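In this note's numbering, the protein residues as written are 119 to 382. Here a beta-carbon is modelled for each residue, glycine too, at the ideal position from N, C-alpha and C. Everything numeric in this text was worked out from a predicted model, so none of it was measured. Only one structure is covered here, and it is reproduced in the block below.
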Ligand code: IPD
Ligand code: CA
Ligand code: CA
């Protein structure tokens, strides 16, 4: 695969998809729920995924697409060959409620190896991207390598619910972590939380359940600035399954996992 040849084409897809999403703000949206009442999908999520799939197939119909809304048909069960992992709108609740703070995410993989990642914050018009091994960029500006910092000076993205009694994680450890940190944030879009870490606006982002399309692009970009991504059990990311997730400045990654996180 010629990833450099594909780069401009992918950027053009994202820009056109972004324009379609901005236009949709003036239309009436159809909103449905999926796994639970807070898991939303709109007709725009589906239309944008279909638009991206059509563009990919026009370029090369051997490329497979693994998209959140399943519009490509056959479920993806292996990462053999070229696979595009797509979240047409990450942060659908923000999209519906705020008309901002959501992003389009595209990760391009070949035989399971990340080749290029793209996260487009549509309303801010900020495009984060990386071709593996060539550094990470935002709108053409190179992102700096992350600098080490101690936990008590760190800002970490975490959902407040994990500091309350729950079935997934020992909340006392989470409370100890929150007390240790300089601050916490919750942006409501995994892709943008990952880009906050990649740009040093946050120092880690923790989630108890993310899907391949939430992280496929972000891990490629974050890797280029030296961030570490793993599960909360410090296992390698598996892009075929949902799992826990942390992306972090390398100076605090093991300390967070070892001293503060206990999964149930
Ligand atoms: C969701 C967002 C959210 C995260 C959820 C994801 P969606 O993606 O990234 O921030 O907490 O786990 O499912 O459904 O808006 O594409
Ligand atoms: Ca998502
Ligand atoms: Ca989505």
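The beta carbon of residue 307 sits closer than 8 Å to at least one heavy atom of ligand 2. Secondary structure note for residue 127: its alpha helix (DSSP H) is the uninterrupted segment 121-142. In terms of Cα proximity to residue 138, the closest of 338, 164 and 120 is 164. Apart from sequence neighbours up to five positions away, the residues of its chain that approach residue 266 with a beta-carbon distance below 6 Å are 369, ordered along the chain. In this structure residue 357 is not in contact with residue 375, their Cβ atoms being roughly 20 Å apart against a cut-off of 8 Å.
For residue 205, the CB falls within less than 8 Å of some heavy atom of ligand 3. Here DSSP, grouped into helix, strand and coil, assigns residue 363 to strand. The nearest non-hydrogen atom of ligand 3 is less than 8 Å from the C-beta of residue 186. Note on geometry: alpha-carbon atoms of residue 359 and residue 183 lie some 15 Å from one another. Within the segment 204-239, the complete alpha helix (DSSP H) segments of 4 residues or longer fall at 210-216, listed in chain order.
The count of Cβ pairs closer than 8 Å, one atom from the segment 236-248 and one from the segment 287-294, stays below three, leaving the stretches out of contact.
Within the segment 293-344, the runs of alpha helix (DSSP H) at least 4 residues long that lie entirely inside it are, in chain order, 308-316 and 330-342. Cβ-Cβ distances below 7 Å link residue 174 to 181, 183 and 202 in the same chain, with the five nearest sequence neighbours on each side left out; the list follows chain order. Between the alpha carbons of residue 258 and residue 346 lies a distance of about 23 Å. Taking non-hydrogen atoms of ligand 3 into account, the C-beta of residue 280 is found less than 8 Å away from none of them. For residue 348, no alpha helix (DSSP H) run applies; the uninterrupted beta strand (DSSP E) run containing it begins and ends at 346-348, by DSSP.
Judged by beta-carbon spacing, residue 185 lies beyond the 9 Å limit of residue 337, meaning their Cβ atoms are not closer than that value. Less than 9 Å divides the Cβ of residue 264 from the Cβ of residue 367.
Annotated as proximal: residue 300 and residue 271, with beta-carbon spacing under 9 Å.
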